[in-house]
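With my numbering applied, the sequence shown corresponds to residues 18 to 737, in that order.
Glycine included, C-beta positions come from ideal geometry on N, C-alpha and C.
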Amino acid sequence: MTIGTCRAAIGAIGGALPASRLWSALAASAGAAIAPAVVHAQDMGLPTIKVEAEATSDVGPDVGYVAIDTTTGSKTDTPIELIPQSVSVVTEQEMIDRNPQELEQTLGYTAGVTSSIWGLDGRFDQFLIRGFDIGTYGIFRDGLSQKSIGFSGFKIEPYGTQRVEVLRGAAGVLYGENDPGGMINVITKRPSFTPFREAFASYGSFDTAEAGFDIGGPLGTGGSLAYRLTGLWRNGQTQYANSQNDRFFIAPALTWAPSEATSLTILTNWQRDRLSPAVFLPVAGEDYPESLGPLPSGFADELPDFDHFDAEVGSVGYQFAHDFEEGWSVRQNLRYSRQSTDYAELYFNGMADETTMDFVAFSVDETAEIFNLDNQVQKDFTIAGTEHRLLLGADYNRYSSDGTQGYQDGYLIPVADPSYDFPVAPPPIYQDGEQIVAQYGLYLQDQASIGEDLHLTLGMRQAWSESSLDDRLSAAGDTSQSNDAFLLNAGAVYEFANGLAPYASYAEGFTANVGTTFDGQVFEPTRGTQYEVGVKYRPASFEGFFTAALYDMTRTNVLTMDPEHPDFAVQTGEIESRGLELEGSFDLVGGLSTQASYTYTNAEITSSNDGDEGNRPPLVPEHQASIWGNYLFAGGALDGVSLGAGLRYIGQTWGDSANTRSVPGYTVADAALRYQFGRMEAAVNVTNLFDKSYYATCYLGGGCTPGDARQVTAQLTVDF
């Protein structure tokens with residue numbers, strides 16, 4: 018978004034916000050923009066990385082927890098209360114206070130989101146949204162899809178992130194193929210025209226050391242170039258012995274803004290990970306006789322030498338925007354990403370008999386690539402007294418995965434005397450091929466304002482999808498197919514003068530299915546539809562934002578067993594999720610910032626031939642709640658001290674769709690202590706403060722995976 022666009026936005030926002038919040042709204046809209054952000058902080062009050070340690074309260078809205086605008090919900094700069102769906106924003110300041118080490122931790126306090134559903138798993142960032150397991154398929158970065166391809170997860174480093182936005186519910190019209198549960202959009206750190214320099218070093222649990230830097234500012238004397246360079250190095254382990262938690266991350270960025278109407282931002286990053294996969298192990302009394310007792314801690318808390326997950330991830334892209342006269346503007350966002358993955362794991366595969374565990378050696382050697390292109394044309398105009406923001410877009414996404422997978426079972430380990438002290442040979446290759454998926458889409462959206470209070474949104478998309486598999490082990494396994502889908506959404510918001518904004522919406526989404534029925538018919542896309550009503554409230558008397566939402570979501574065309582041909586599938590399955598979400602955040606003048614949420618999810622498999630009709634889908638808690646608060650002392654003996662604390666509750670879940678394996682709920686606490694002195698800041702962050710032992714999930718015959726143990730991190734940050 019250019020400076021001209023920002024200034025034009027003041028008029029639109031000003032009618033709805035008090036004057037004291039105009040610059041906050043302006044800054045937030047630029048910080049959240051999917052279009053290229055030209056960050057002239059000295060002119061617009063935009064957030065940077067603590068330019069002056071003694072002036073952190075003046076660097077913009079992201080020093081607090083209350084966001085103003087978002088582009089994720091509309092692909093245009095729109096106040097959150099005018100989006101007719103639920104949107105949450107994890108601001109930069111909240112991330113600084115909680116210091117998340119993974120993207121999953123970033124969203125631990127967000128309504129409707131269940132994170133770390135597979136426990137400690139270095140391979141992927143994984144979530145549920147509104148009861149649907151989006152895995153890594155609902156993750157976007159700067160408005161472009163960055164979903165998992167094969168076993169390549171394109172993991173995101175939180176230190177390179179400006180903010181994280183969550184759009185709950187179907188988003189197929191604007192973003193194409195995506196799970197109807199919702200999406201997570203990570204906003205990358207952008208260049209700034211105000212100089213800043215930050216470096217940090219930390220040490221914490223499991224012998225983990227980390228160091229990083231974030232520097233940027235103008236280039237040259239012309240005032241049209243700015244840069245940013247963000248880097249991080251980490252060496253350590255997880256709670257398992259013989260594990261890895263190593264990363265090297267570097268992200269150069271450059272902005273060119275020759276005029277107020279034009280900007281080009283180039284975003285690049287390269288990341289090398291040496292991580293460890295998830296661990297499932299049997300439980301006494303559940304998977305084998307309780308008389309044998311639990312597995313010894315020396316075995317349960319150690320990984321085999323065979324296990325590793327090594328990945329190299331890189332991306333390069335740009336975001337271009339130009340404003341024409343008479344309300345016309347164009348934007349183009351492009352990114353190419355590539356990951357090479359070397360992964361091997363010896364994993365528990367159930368009990369061979371009552372006293373013997375069966376393990377499988379599994380391996381992956383693959384290269385995955387993603388190419389994203391999104392073209393947008395926007396026209397702002399007024400007709401018959403109604404203001405319109407019309408958006409026309411055309412996007413293209415290509416995903417490919419090329420590699421091999423190996424598999425060998427039969428590694429038997431006795432429960433009575435377990436040990437990994439045996440050789441594991443590279444498993445024989447059982448899959449060798451290349452999978453390619455290409456998706457095209459045309460979309461149209463109109464945001465209309467009738468008077469100053471009623472705001473309508475209407476959108477539509479025509480989507481096409483093509484996929485192919487080149488099976489190098491068997492030519493008979495080669496497949497190709499095509500799908501298409503037409504999607505609609507519609508919503509309305511009525512904005513009262515007192516800050517209340519009730520809304521209602523209907524939205525659709527889809528995900529493509531690969532394969533055919535017994536009769537050779539290509540599977541149609543799985544469809545998702547959502548009805549949502551709610552109310553948003555932004556008080557005028559203090560910085561706060563509150564949302565209450567009720568939704569009814571149905572996923573149809575779900576694959577389920579063909580009763581006449583059990584080795585094939587038919588599309589008669591259906592899953593329904595209904596729920597309530599409450600969320601609030603506020604920043605008080607006295608120094609208290611708080612984020613709180615409650616989620617109720619009533620999910621049910623309403624149609625299935627797999628014997629699980631009427632059951633609750635796995636991994637979905639009925640209740641979850643969280644609250645995090647941070648208090649910054651100003652003046653007196655504690656001047657510069659910041660205290661934070663939080664609680665996260667996840668209710669009971671089922672480990673399988675048959676609802677035969679129950680996973681108890683759990684509550685964990687987090688805490689933070691920070692002290693800022695001069696240009697330096699010392700901080701200690703603790704997750705799972707009381708070292709609560711719990712299972713993230715379990716499944717029938719497959720054991721359980723533990724949740725994250727307590728992790729303490731001490732960090733020293735300096736602005737120079």
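Could you work out which residue in GLY229, ILE430, LEU137 and GLU98 is closest to THR373 when comparing CA atoms only? Position 356 of the sequence shown, counted from the first residue, corresponds to residue 373. The option with the nearest alpha carbon to THR373 is ILE430.
Quick check on the DSSP output: the alpha helix (DSSP H) that includes THR123 runs from which residue to which? Translated into the one-based positions of the sequence shown, residue 123 becomes position 106. Its alpha helix (DSSP H) spans residues 120-123.
Is the CB-CB distance between GLY494 and ASP501 below 8 angstroms? Counting from one through the sequence shown, the residue named residue 494 turns up at place 477. Counting from one through the sequence shown, the residue named residue 501 turns up at place 484. It is not a contact, given that the beta carbons lie outside the stated cut-off.
With distances taken between CB atoms, is the gap from SER466 to GLU404 smaller than 8 angstroms? To locate residue 466, count along the sequence shown from 1; it is residue 449. To locate residue 404, count along the sequence shown from 1; it is residue 387. Yes.
By Cβ distance, which residues of its chain are closer than 7 angstroms to PHE535, with the 5 residues on each side in sequence left out? As a working note, residue 535 is residue 518 in the sequence shown. Counting only Cβ-Cβ distances below 7 angstroms, and skipping sequence neighbours, we find ASP579, HIS582 and PHE585.
ALA54 (DSSP reduced to helix, strand or coil): Here residue 54 is taken as the residue at index 37 of the sequence shown, counted from 1. Legend: pLDDT at ALA54 = 35, less than 50; position of this residue unreliable, no value from coordinates given.
In this structure, how does DSSP classify LEU191 when only helix, strand and coil are distinguished? Counting from 1 along the sequence shown, the entry for residue 191 is found at position 174. DSSP places LEU191 in helix when its eight states are reduced to three.
To the nearest angstrom, how far is the alpha carbon of THR87 from that of PRO96? Numbered from its first residue, the sequence shown carries residue 87 at position 70. Numbered from its first residue, the sequence shown carries residue 96 at position 79. So the two alpha carbons sit approximately 6 angstroms from each other.
Buried/exposed call for GLY239, threshold 16 Cβ in 10 Å: On the sequence shown, position 222 is the one that residue 239 refers to. By the neighbour-count rule (16 or more Cβ atoms within 10 Å), GLY239 is not buried but exposed.
Between the Cα of SER91 and the Cα atoms of VAL107, ASN676, VAL183 and ALA128, which residue gives the shortest distance? Locating residue 91 in the sequence shown gives position 74, where the first residue counts as 1. Ranking the options by Cα distance to SER91, first place goes to VAL183.
Apply the 10 Å Cβ neighbour rule to MET200 and answer buried if 16 or more other Cβ atoms are within range, or exposed otherwise. Locating residue 200 in the sequence shown gives position 183, where the first residue counts as 1. MET200 should be labelled buried.
Since GLY82 contacts THR108 with CB under 8 angstroms, what's their CB separation in whole angstroms? Taking the first residue of the sequence shown as 1, we reach residue 82 at position 65. Taking the first residue of the sequence shown as 1, we reach residue 108 at position 91. The amino acid occupying residue 82 in the given sequence is Tyr; Gly does not appear at that position. Contact flag correct, Cβ pair sits at about 6 angstroms.
For GLY719, tell me which candidate among GLN102, SER293, SER103 and PRO299 has the shortest Cα-Cα distance. Indexing the sequence shown from 1 puts residue 719 at position 702. Of the candidates GLN102, SER293, SER103 and PRO299, the one whose C-alpha sits nearest the C-alpha of GLY719 is PRO299.
Coarse secondary structure for ALA42, derived from DSSP in three states: As a working note, residue 42 is residue 25 in the sequence shown. No answer about ALA42 holds up, because its pLDDT of 34 lies below 50 and its placement is not dependable.
Going along the chain, which residues of its own chain have a beta-carbon closer than 6 angstroms to the beta-carbon of GLN288, five neighbours each way excluded? Residue mapping note: residue 288 aligns to position 271 of the sequence shown, counting from 1. Closer than 6 angstroms at the Cβ level, and outside the excluded window around GLN288, lie PHE266 and VAL330.
ARG115 (DSSP reduced to helix, strand or coil): In the sequence shown, counting from the first residue as 1, residue 115 sits at position 98. Three-state DSSP puts ARG115 in a helix.
Using only the alpha-carbon positions, how far apart do ASN392 and GLY410 sit? One-based indexing of the sequence shown puts residue 392 at position 375. One-based indexing of the sequence shown puts residue 410 at position 393. Taking the straight line from one Cα to the other gives about 5 angstroms.
DSSP state of TYR82, grouped into three classes? If you number the sequence shown from 1, residue 82 lands on position 65. DSSP places TYR82 in coil when its eight states are reduced to three.
CA-CA distance, ASN626 and ASN632? Here residue 626 corresponds to residue number 609 of the sequence shown, with the count starting at 1. Here residue 632 corresponds to residue number 615 of the sequence shown, with the count starting at 1. About 12 angstroms.
Determine the contact status of HIS325 and ALA361, defining contact as a CB-CB distance below 8 angstroms. In the sequence shown, counting from the first residue as 1, residue 325 sits at position 308. In the sequence shown, counting from the first residue as 1, residue 361 sits at position 344. Yes, these two residues count as a Cβ contact at 8 angstroms.
Does DSSP put ALA493 in a helix, a strand or coil? Against the sequence shown, residue 493 aligns to sequence position 476. The answer is helix: DSSP assigns ALA493 an H, G or I state.
Using three-state DSSP, classify GLN422 as helix, strand or coil. Along the sequence shown, read from residue 1 onward, the residue named residue 422 stands at position 405. Looking at GLN422 - three-state DSSP - the assignment turns out to be strand.
For GLY193 versus GLY508, is the C-beta spacing smaller than 8 angstroms? Counting from 1 along the sequence shown, the entry for residue 193 is found at position 176. Counting from 1 along the sequence shown, the entry for residue 508 is found at position 491. No; because the gap between Cβ atoms is not below 8 angstroms, this pair is not in contact.
At what residue ranges does the stretch 552-630 contain a whole run of the beta strand (DSSP E), taking only runs of 3 or more? 560-578, 586-604 and 609-624
With a threshold of 8 angstroms on Cβ separation, who are the neighbours of ASN669 within its own chain once the five nearest residues in sequence on each side are excluded? Reading the sequence shown from its first residue, position 652 is the one you call residue 669. Sequence check: residue 669 is Gln here, not Asn. The answer, listed in chain order, is PRO638, GLU639, SER679, VAL680, PRO681 and GLY682.
Secondary structure at THR730, three-state DSSP: helix, strand or coil? For the purposes of this step, residue 730 is identified with residue 713 of the sequence shown, where counting begins at 1. Strand, per DSSP.
Rounded C-beta distance between THR247 and GLY160? I'm assuming under 8 angstroms. Translated into the one-based positions of the sequence shown, residue 247 becomes position 230. Translated into the one-based positions of the sequence shown, residue 160 becomes position 143. No, THR247 and GLY160 are not in contact; Cβ-Cβ is about 19 angstroms, not under 8 angstroms.
Look at ASP745 and GLY253 and say whether their C-beta atoms are less than 8 angstroms apart. The requested residue 745 does not occur in the structure, where the chain is confined to residues 18 to 737.
What residues in its chain sit with their C-beta under 7 angstroms from that of PHE694, if we drop five residues either side in the sequence? Position 677 of the sequence shown, counted from the start, is the residue given in the question as residue 694. Cβ within range, chain order: GLY657.
Going by CA-CA distance only, name the one from GLU371, ARG251 and LEU351 that's closest to PHE388. On the sequence shown, residue 388 is found 371 positions in, with the first residue counted as 1. Checked all of GLU371, ARG251 and LEU351; the closest Cα to PHE388 is LEU351.
Assumed close pair PHE337, LEU281 - CB separation to whole angstroms, cut-off 8 angstroms: Working through the sequence shown from its first residue, we reach residue 337 at position 320. Working through the sequence shown from its first residue, we reach residue 281 at position 264. 5 angstroms between Cβ atoms; contact.
Using 10 angstroms around the beta-carbon of GLU371, count the other beta-carbons present and answer buried if the total reaches 16, otherwise exposed. What you label residue 371 is simply residue 354 of the sequence shown in a count that begins at 1. Exposed is the call here.
To test your reading of the DSSP string, which unbroken beta strand (DSSP E) runs of 3 or more residues are found completely within the stretch 655-693? 658-667
Alpha carbon to alpha carbon, how far is LEU320 from TYR548? Give it in angstroms, no decimals. Counting from one through the sequence shown, the residue named residue 548 turns up at place 531. Counting from one through the sequence shown, the residue named residue 320 turns up at place 303. Distance between the alpha carbons of TYR548 and LEU320: 45 angstroms.
LEU249 and ARG140: beta carbons closer than 8 angstroms? Residue 249 sits at position 232 when you count from the first residue of the sequence shown. Residue 140 sits at position 123 when you count from the first residue of the sequence shown. No, the pair does not count as a contact, with Cβ atoms beyond the cut-off.
Sub-8 angstroms separation of SER499 and ILE453 beta-carbons: Position 482 of the sequence shown, counting from 1, holds the residue named residue 499. Position 436 of the sequence shown, counting from 1, holds the residue named residue 453. It is not a contact, given that the beta carbons lie outside the stated cut-off.
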